[in-house]
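**Q** The opening residue of the sequence shown carries number 755 in our numbering; numbering runs sequentially from there.
Take a look at this one; I'll ask things after.
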Amino acid sequence: MSTPIATPSTGRLAERLLGSRVADALAGPHDVDHYLELLRPDWAVRKIRAEIVDVRHQTPDSVTLTLRPTVTWPGFRAGQHVELAVDVDGRRHRRSYSPSGSADVRTRTVELTVRTHPEGVVSRHLKAHARPGMVVGLSRPQGEDFVLPDVRPRRIALISGGSGITPVLSMLRTLTDEGHTGEITFLHYARSPEDLLYAGDLHRIAERHPNVTLLRCYTRSGDGELTGRLGEEHLRRALPVDEDAAAFVCGPGALVEAVRTAWRELDLRTPLKFEHFAPPELPELDPDQLGAVTFARAGTTVDATGDTLLEQAEAAGLSPKHGCRMGICMTCACRLEHGRVRNTLDGEIHGAPGDEIRICVSAPVGDVTVDV
Ligand SMILES: Cc1cc2nc3c(=O)[nH]c(=O)nc-3n(C[C@H](O)[C@H](O)[C@H](O)COP(=O)(O)OP(=O)(O)OC[C@H]3O[C@@H](n4cnc5c(N)ncnc54)[C@H](O)[C@@H]3O)c2cc1C
Ligand code: FES
């Protein structure tokens, strides 16, 4: 077990002193956390870091990490996500991941499952290099919408596909840990039984908790409780129909859209919360709408490609601050100095000089200048 930086009896004063601006000034040129990291990676007074204590490879294209965060970790709500920061080839990269473990305060670790993308920088790095003892950066937990309500609904449907299982599994584990007795339906889509993440955990939870109904659906084999793709029949099996109910869906865009469409068409009243891991794909811009992009602070101008301003800045060798890369965290917000942009989430074209825009979800329309 690691020694936290401060014990309740002796450490609060030391913690306050170390966390003060005076301590930072004395410690210069870096902040106190920088020196603490060199001494003990599990010590911190402001920043959050985490040591990887376990690495599992549940499927060939995923890696599951168990992290032990510094005492600065405030805990999370089931369904929230964190930004994980990791150095790849000397460059710091940040990506969002949703903890899959229980949010119960007694759980001292954070579990993340990362699905690898064929060209993904961070997911492939973690799959190949994550080892116990490695230290990564963590943000505070983020996202206030896709979370279990404080007053738990009596019936809950959790729907997911692929790696979208992580936040809803956290909800399931949290509910069962706290002894929730209401009905929970867990409907999950995977290509085949071999692709199913957390197969053993789901089976054990359903076995131990009679109020949990597990519906597995394999889109490429008929071995689950359901077959085929999400439609009215699947929803009928999964859906809470009474007033005191809630539904959550997370997964590939097509699954989330199918659920939302069904909600509209069937005029369902059950509150539905949804989360995407990647922004939906929009039709490409007409080439006539592509102009030049100027990153004013860097003094760089490039031809617009139709990609987001963040992607274009990175392709030009710049490293603007960013977090989620999908318009949630606001880390990438910066000033639009000239031109208009297209919001890649909904296609809307907007912008006037002086507007603050999120460059991760803004693609340039015509000539654009941003304060990057
Ligand atoms: C709120 C939130 C929670 C998330 N939780 C998880 C999680 O629990 N587990 C998990 O595995 N991932 C999760 N993600 C996705 C994760 O943040 C990264 O996007 C993913 O790991 C890919 O990063 P990368 O560096 O490997 O790929 P990048 O180098 O960023 O991208 C490489 C290529 O893959 C494409 N790509 C990137 N992300 C996706 C995606 N999600 N789906 C399809 N194509 C993509 C890009 O368009 C690009 O072409 C979450 C994302 C958000 C916004
Ligand atoms: S990086 Fe999170 S909003 Fe842009």
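For every residue, glycine included, the Cβ atom is placed at its ideal position computed from N, Cα and C.
Computed from a prediction, not measured in an experiment: that's the story for all the values here.
1) Taking 7 angstroms as the cut-off, is the CB of Glu898 close to at least one heavy atom of ligand 1?
2) If you draw a straight line from the C-alpha of Cys1114 to the C-alpha of Phe1028, how long is it?
3) Between Pro1006, Glu979, Thr981 and Pro1025, which lies nearest to Asp998 when the distance is taken from Cα to Cα?
4) Apart from the five residues just before and just after Glu837, which ones in its own chain have a Cβ nearer than 6 angstroms to its Cβ?
5) Mind checking whether Gly1045 and Pro1118 have CB atoms under 8 angstroms apart?
6) Quick one: Cα of Ala832 to Cα of His811, how far?
7) By the DSSP assignment, the alpha helix (DSSP H) with Asp955 in it spans what residues?
8) Indicate whether Ser1073 and Val1095 have their beta-carbon atoms separated by less than 8 angstroms.
9) Does the distance between the C-beta of Ile1082 and the nearest non-hydrogen atom of ligand 2 fall short of 7 angstroms?
10) For Lys1075, does the count of other Cβ atoms within 10 angstroms reach 16, so buried, or fall short, so exposed?
11) Rounded to a whole number of angstroms, what is the C-alpha to C-alpha distance between Ala884 and Pro903?
12) The alpha helix (DSSP H) spanning Val817 covers which residue range?
13) With distances taken from CA atoms, which of Asp815, Ile919 and Arg906 is nearest Pro835?
14) On the criterion of 16 or more Cβ atoms from any shown chain inside 10 Å, does Met925 qualify as buried, or is it exposed?
15) Taking only the alpha-carbon atoms, compute the straight-line gap between His1030 and Pro1006 and give it to the nearest angstrom.
16) Any heavy atom of ligand 1 within a distance shorter than 7 angstroms of the CB on Gly1005?
17) Quick one: using the 10 Å Cβ neighbour count with 16 as the cut-off for buried, is Glu805 buried or exposed?
18) What are the boundary residues of the alpha helix (DSSP H) that Arg1018 is part of?
19) If contact is defined by three or more beta carbon pairs under 8 angstroms, each pair taking one atom from either stretch, is the region 956–973 in contact with the region 926–941?
20) Suppose you measure from the CA of Pro1041 to the CA of Gly1071; what does that come to, to the nearest Å?
21) Give the secondary structure of Leu923 by DSSP, where H, G and I count as helix, E and B as strand, and everything else as coil.
22) State buried or exposed for Pro994, treating a residue as buried only when at least 16 other CB atoms are found within 10 Å of its CB.
23) With a threshold of 7 angstroms, establish whether the CB of Gly891 neighbours any heavy atom of ligand 2.
24) What are the boundary residues of the beta strand (DSSP E) that includes Lys1027?
25) Compare the Cα-Cα distances from Gly915 to each of Leu1009, Ala953, Val1013 and Glu1035 and report the closest residue.
26) Just how far apart, CA to CA, sit Pro853 and Gly985?
27) If you compare alpha carbons, which of Val1003, Leu941, His957 and Ala1012 is closest to Thr981?
28) Do Arg1124 and Phe1049 have their C-beta atoms within less than 8 angstroms of each other?
29) Looking at ligand 1, does it come within less than 7 angstroms of Arg849, judged from the CB to the closest heavy atom?
30) Is Thr1055 helix, strand or coil when you go by DSSP?
31) Quick one: using the 10 Å Cβ neighbour count with 16 as the cut-off for buried, is Ala1032 buried or exposed?
32) Over the uninterrupted beta strand (DSSP E) stretch that includes Ala1050, give me the two end residues.
33) Could you spell out the range, first to last residue, of the beta strand (DSSP E) harbouring Ser1116?
34) For Ser850, name the three-state secondary structure that DSSP assigns.
35) Go through its chain and collect everything with a Cβ distance to Leu1020's Cβ below 8 angstroms, but skip five positions before and after it.
36) If I'm right that Val1126 touches Cys1083 with Cβ under 8 angstroms, what's the distance once you round it to whole angstroms?
**A** With the given structure in hand:
1) Here the question's residue 898 lines up with position 144 in the sequence shown. The answer is no for Glu898.
2) Within the sequence shown, the letter at position 360 stands for residue 1114. Within the sequence shown, the letter at position 274 stands for residue 1028. In a straight line, the C-alpha of Cys1114 is about 20 angstroms away from that of Phe1028.
3) Sequence index remark: in the sequence shown, residue 998 carries index 244 (1-based). The option with the nearest alpha carbon to Asp998 is Pro1025.
4) Here the question's residue 837 lines up with position 83 in the sequence shown. Answer for Glu837: Arg848, Ser850, Ser893 and Gly1077, listed in chain order.
5) Here the question's residue 1045 lines up with position 291 in the sequence shown. Here the question's residue 1118 lines up with position 364 in the sequence shown. Between Gly1045 and Pro1118, the gap from beta carbon to beta carbon is short of 8 angstroms.
6) Locating residue 832 in the sequence shown gives position 78, where the first residue counts as 1. Locating residue 811 in the sequence shown gives position 57, where the first residue counts as 1. Spanning the two alpha carbons is a distance of roughly 23 angstroms.
7) Counted from its first residue, the sequence shown places residue 955 at position 201. Ala953 to Arg962 is the extent of the alpha helix (DSSP H) around Asp955.
8) As a first step, residue 1073 must be located in the sequence shown, where it is residue number 319. As a first step, residue 1095 must be located in the sequence shown, where it is residue number 341. Not a contact, by the Cβ cut-off of 8 angstroms.
9) Counting from 1 along the sequence shown, the entry for residue 1082 is found at position 328. Yes, Cβ of Ile1082 sits closer than 7 angstroms to a heavy atom of ligand 2.
10) Numbered from its first residue, the sequence shown carries residue 1075 at position 321. Classification for Lys1075: exposed.
11) As a working note, residue 884 is residue 130 in the sequence shown. As a working note, residue 903 is residue 149 in the sequence shown. A straight line joining the alpha-carbon of Ala884 with that of Pro903 spans about 34 angstroms.
12) For the purposes of this step, residue 817 is taken as the residue at position 63 of the sequence shown. Element bounds for Val817: not the alpha helix (DSSP H) but the beta strand (DSSP E), Ser816 to Pro823.
13) The sequence position of residue 835 within the sequence shown is 81, counting from 1. Pro is not the amino acid found at residue 835; the sequence shown has His there. The option with the nearest alpha carbon to His835 is Ile919.
14) As a first step, residue 925 is located in the sequence shown; it is residue number 171 there, counting from the start. With 16 or more Cβ atoms within 10 Å of its Cβ, Met925 is classed as buried.
15) Looking up residue 1030 in the sequence shown gives position 276. Looking up residue 1006 in the sequence shown gives position 252. Our two residues, His1030 and Pro1006, have alpha carbons roughly 7 angstroms apart in a direct line.
16) The count along the sequence shown starts at 1 and reaches residue 1005 at position 251. Not so, every heavy atom of ligand 1 lies at least 7 angstroms from the Cβ.
17) For this step, residue 805 is matched to residue 51 along the sequence shown. Buried.
18) Within the sequence shown, numbered from 1, the residue matching residue 1018 stands at position 264. Element bounds for Arg1018: Gly1007 to Glu1019.
19) yes
20) If you number the sequence shown from 1, residue 1041 lands on position 287. If you number the sequence shown from 1, residue 1071 lands on position 317. If you take the alpha carbons of Pro1041 and Gly1071, they lie about 24 angstroms apart.
21) Locating residue 923 in the sequence shown gives position 169, counting from the first residue. Note: Leu923 maps to helix in three-state DSSP.
22) Working through the sequence shown from its first residue, we reach residue 994 at position 240. Buried, because 16 or more other Cβ atoms sit within 10 Å of the Cβ of Pro994.
23) Along the sequence shown, one-based indexing puts residue 891 at 137. Gly891: no, Cβ never under 7 angstroms from ligand 2.
24) Taking the first residue of the sequence shown as 1, we reach residue 1027 at position 273. Leu1026 to Glu1029 is the span of the beta strand (DSSP E), which, as asked, contains Lys1027.
25) For this step, residue 915 is matched to residue 161 along the sequence shown. Of the listed residues, the one whose Cα sits closest to Gly915 is Leu1009.
26) Numbered from its first residue, the sequence shown carries residue 853 at position 99. Numbered from its first residue, the sequence shown carries residue 985 at position 231. Pro853 and Gly985: Cα-Cα distance of roughly 28 angstroms.
27) Here residue 981 is taken as the residue at index 227 of the sequence shown, counted from 1. The option with the nearest alpha carbon to Thr981 is Leu941.
28) Here residue 1124 corresponds to residue number 370 of the sequence shown, with the count starting at 1. Here residue 1049 corresponds to residue number 295 of the sequence shown, with the count starting at 1. Checking the sequence shown, residue 1124 turns out to be Val, not Arg. Yes, these two residues count as a Cβ contact at 8 angstroms.
29) Stepping through the sequence shown from its first residue, residue 849 is reached at position 95. When distances are taken from the beta-carbon of Arg849 to the heavy atoms of ligand 1, the shortest one is below 7 angstroms.
30) Start at 1 with the first residue of the sequence shown, and residue 1055 comes out as number 301. If DSSP states are grouped into helix, strand and coil, Thr1055 belongs with the strands.
31) Here residue 1032 refers to the residue found at position 278 when the sequence shown is read from its first residue. Under this definition Ala1032 is an exposed residue.
32) By one-based count along the sequence shown, residue 1050 stands at place 296. No beta strand (DSSP E) contains Ala1050, which DSSP labels as neither H nor E.
33) Within the sequence shown, numbered from 1, the residue matching residue 1116 stands at position 362. Start and end: Ser1116 to Val1124.
34) As a working note, residue 850 is residue 96 in the sequence shown. Strand at Ser850.
35) Residue numbering aside, residue 1020 sits at position 266 when the sequence shown is read from its first letter. Here the set comprises Glu986 and Leu989.
36) On the sequence shown, residue 1126 is found 372 positions in, with the first residue counted as 1. On the sequence shown, residue 1083 is found 329 positions in, with the first residue counted as 1. Actually they are not in contact, since the Cβ atoms of Val1126 and Cys1083 sit about 17 angstroms apart, beyond 8 angstroms.
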